[in-house]
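Structure first, then comments.
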Amino acid sequence: MTVPKNYRNAQDDGILTGLLGGPLIAAALLYISLTMSSSDPPRDPMPAGWRIEPPMTLSNSPNPMTPLEALLLSRRYLVSQATFCATILIVHAAASWVTEARHRRKLVVPEGEISSVPRKEGRRAYLYILFTISVTLWILCVRIALKEAKLGIWQSMSYLEVVASATFFQFSLYVCARLAHRGFTFGELGLVAFGATVLFIELMNLTSAKLWPVTTPYIKTFRLPTPLLIYQLALIPGSLLTGFLLSPLLYLARHIAQRPVRRLRYPQEKQKHRRLLALGFYAGTVLIVGGLIGLWTRWCLGRRDPWVYAIFWVLEGKNKWTRPALLAYWGLLISISVAGWTRQLARNKRFRQWNVRGSMHLSVGAGDGMVGPGSPRYGVTPASASYGTTTFAQAQAGTMPLGVGNPGQPGGSQSNVVIPGVELSDPSAPPTPPGESMLGLRLPNLPNLPDLPHGTNLSNVATDLLDAADKHVPTLSVNARRKFFHALAVVMFVPGIAVDAAFTHLAFSGAFALFTFTEYVRYFALYPFGAAVHLFMNEFLDSKDGGTAILSHFYLLTGCANSVWFEGPSRLLQFTGTLVLGVGDALASIVGKRLGRHRWFAANPKTIEGSAGFVGSVWACAWLLRVFGIVENFSLARFLVVAGLAGLLEAFSVQNDNLTLPLYMWAMTVLVDVVA
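Under my numbering, residues 828 to 1503 are what the sequence shown spells out, in order.
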């Protein structure tokens, strides 16, 4: 029940990404567990150096399992889950193709629509619910038939898990396509929905294990059931649950913010209603987080308060000051980056209207301000106002005075040089003696400086002229702005993973929840931060952010975080996402734009030089990490092969690199046995 305009425009819909991405990741996780269990003696599944309490086990179970045995069975189940979701995705795609083929010649529909999908939202949702129920019942029958045929496919999934997984996966597909309108390709949508389903199944299985510890054979989670997993399930699904429960308030907030005042029943009450709705959302968030989510977390932690536990855990690093120092370091970098970009973007907007071709004018004794010739904003300067006006270039050359202060001359009744909205002189300031500065220093007469009128406050003049000169400062392109945050990810995450990967695991989960609430504030225009957040983030959008939801920062965060969230045994694996996005993807773009001469093929904007920059930079950074002893020894040749495969994917795929590249390279690093 979706149409082409629901998806991001791309040459490839990415269906192979959606079908193969989940099974590839699941196979890599299973391979790690098989390798650990086959070693003699079996290895500890907890990553080395992680300071966190041991994973939970069901000691009251009739046949208790070790954490490694439970993890191995859980990841076998994950492979079944991945192929299960891929099958549902194929069914949806095939049903869409067949239905559209039957309706194609019957109706003429607008561009971006298809004839088989009704245009009314209510009927579309109703038909999708019916289709979801039908697919769920069909795949349940397939599961029963496979059991009767003794084929062993999906037999690790109970009937309840089949129904819950099928329903939630299809629900995620529809909700993501509708809310993040034009934000995904079909393949990206399938991959994101699979990730959401995995988190939902982990949440369901962990809760059922706590409810029925005797009848549950093992805790069926795909990562170790430590407090890190509990906090992640509380933060990420919890933030999404909060938005779902408070969706009526969010909808009304966006509706009122978008609706013109003249079309409201009580226009004078608009701001009051916006404040009340925002207050209701903030209060509801506090109640849900402190109540429902907080109580669940407390229950899973063995009746320990989650807030107190988190505070004390911050002090349990290698040293008591290690984790607080990491928090201070991250906070300082974020504060400097946001403050610097906010100031720079504000200055760019302020002087954007001056970036017109030709000379600019300073109006003396008039309030029309500085405009370019034929400015579309101010129009042409009238002939009657041409006196007292001089070009900025002439003023710099000293051929004409920048201002005149003789009240007896026409237009010279004021000694102020006027810039739009800025007065260069302060009439209340005491006059400056001739030939002296504000500090009493005599300055030489420089031929290239304008002859300012007596009584002008030079400090104000200097400030305002420097501001005017900002229009000559080159501004960064959108691509350069976005790559700045890739570099920021390296500076932030590499020290965090190197010093304390377990704490960085929790920090990634908290950052994702914070991003989610920030997107609520921006998308639903919540008072008083919605407009400011939207204007700030709007400066970093590119063609892949043409949808209603802004997803690039989520992709960048999860791309770096997944390598840590997967809890691989190798230190190199934990750095993979940050190296791929923070170093490789950024340098591929820079090298390709500056040095790229040879495209892979005519229709592809990616260059061979850019791909070589990606491969070489990722390989070199991994080698440096090995040289400094941050990661263990690994096969440089095999890692070069994996980096080359990832470089080819970056060159030929039109899917979002921040989503697909880290997952692919992490899985291939595992399967190729880069780390012996």
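Beta carbons: idealized from backbone N, C-alpha and C, even for Gly. Remember, predicted model here, so these are calculated numbers, not experimental data.
I believe residue i touches residue j by the beta-carbon criterion, under 8 Å. Please report the beta-carbon distance rounded to the nearest angstrom.
i, j, result
"ALA817", "LEU1353", "A query on residue 817 cannot be resolved here, the shown segment of the chain reaching from 828 to 1503 and no further."
"ILE879", "THR1053", "5 Å"
"ARG1424", "THR1434", "7 Å"
"PRO874", "ALA1328", "7 Å"
"CYS1387", "LEU1408", "6 Å"
"ALA853", "ALA897", "Not a contact, Cβ separation roughly 16 Å."
"VAL1410", "VAL1445", "6 Å"
Find out if the Cβ-Cβ distance for the pair residue i, residue j is shorter than 8 Å.
i, j, result
"TYR986", "SER1336", "no"
"LEU857", "ARG902", "yes"
"LEU885", "ILE1046", "yes"
"PHE1466", "VAL1497", "no"
"GLY993", "ILE966", "The sequence as given places Ala at residue 993; Gly does not occur at that position. Cβ atoms of ALA993 and ILE966: closer than 8 Å."
"LEU1018", "GLY1167", "no"
"VAL962", "VAL918", "yes"
"LEU1142", "PRO882", "no"
"PHE1402", "VAL1442", "no"
"MET1313", "ALA1413", "Met is not the amino acid found at residue 1313; the sequence shown has His there. Result yes, Cβ atoms of HIS1313 and ALA1413 sit closer than 8 Å."
"ASN1365", "LEU1490", "no"
"GLU948", "ASN1483", "no"
"LEU851", "ALA1494", "yes"
"SER864", "LEU895", "yes"
"LEU1383", "ASN1485", "yes"
"GLY1144", "PHE1330", "yes"
"ARG835", "ARG1086", "no"
So what's residue i in DSSP terms, helix, strand or just coil?
i, result
"SER1240", "Residue placement at SER1240 is poorly supported in this model, since its pLDDT is 39, which falls under 50; the coordinates are not used for a value here."
"ARG1426", "strand"
"ILE956", "helix"
"MET1031", "helix"
"MET873", "coil"
"ASP867", "coil"
"SER1066", "helix"
"LEU1362", "helix"
"GLU880", "coil"
"ASN1485", "helix"
"ILE915", "helix"
"ARG835", "coil"
"ILE842", "helix"
"ILE980", "coil"
"TRP1126", "helix"
"PHE1049", "coil"
"THR1042", "coil"
"ILE1163", "helix"
"GLY1374", "coil"
"ILE859", "helix"
"LEU1490", "helix"
"GLY1395", "coil"
"MET1495", "helix"
For residue i, report the span of its alpha helix (DSSP H) as first-last.
i, result
"PHE1441", "1435-1454"
"GLY1008", "The question names Gly, but residue 1008 in the sequence shown is His. First-last for HIS1008: undefined, no H or E at that position."
"VAL1410", "First-last for VAL1410: undefined, no H or E at that position."
"THR893", "From DSSP, THR893 is part of no alpha helix (DSSP H); its letter is neither H nor E."
"PHE1330", "1328-1350"
"PRO1075", "1074-1085"
"ARG1131", "Unbroken run through ARG1131: none, as it is neither H nor E."
"LYS1147", "Note, LYS1147: premise wrong, no alpha helix (DSSP H); not H, not E."
"GLU1096", "Per DSSP, GLU1096 belongs to no alpha helix (DSSP H) and is neither H nor E."
"ALA1503", "Where ALA1503 is concerned, there is no enclosing alpha helix (DSSP H), given that its DSSP letter is neither H nor E."
"GLY1474", "1463-1479"
Whose CA, out of the options, lies closest to the CA of residue i?
i, options, result
"TYR904", "THR1331, SER1164, THR893, VAL1025", "VAL1025"
"LEU957", "GLN997, TRP1392, ILE980", "GLN997"
"ALA991", "CYS912, PHE1011, TRP1126, ALA921", "CYS912"
"ASN890", "THR1043, GLY1419, PRO1094", "THR1043"
"VAL1135", "HIS1361, HIS1100, LEU1154, GLY1121", "GLY1121"
"PHE1011", "GLY1118, LEU1472, PHE1381", "PHE1381"
"THR1487", "ASP867, ASN833, ILE842", "ILE842"
"THR1375", "PRO1396, THR1385, PRO1355, TYR1350", "TYR1350"
"ARG1125", "ALA1061, LEU1475, LEU1160", "ALA1061"
"PRO1396", "THR844, PRO872, ARG950", "PRO872"
"HIS1361", "ARG1081, THR862, GLU975", "ARG1081"
"LEU1475", "TYR955, PHE1461, GLU1436, VAL1454", "GLU1436"
"ALA837", "MET1492, ASN1485, SER1480", "SER1480"
"ALA1503", "LEU964, SER866, LYS832", "SER866"
"ILE1138", "CYS1127, GLY1129, TRP1123, LEU1154", "LEU1154"
"PHE1320", "GLN1171, GLN982, ASN1431, GLY1404", "GLY1404"
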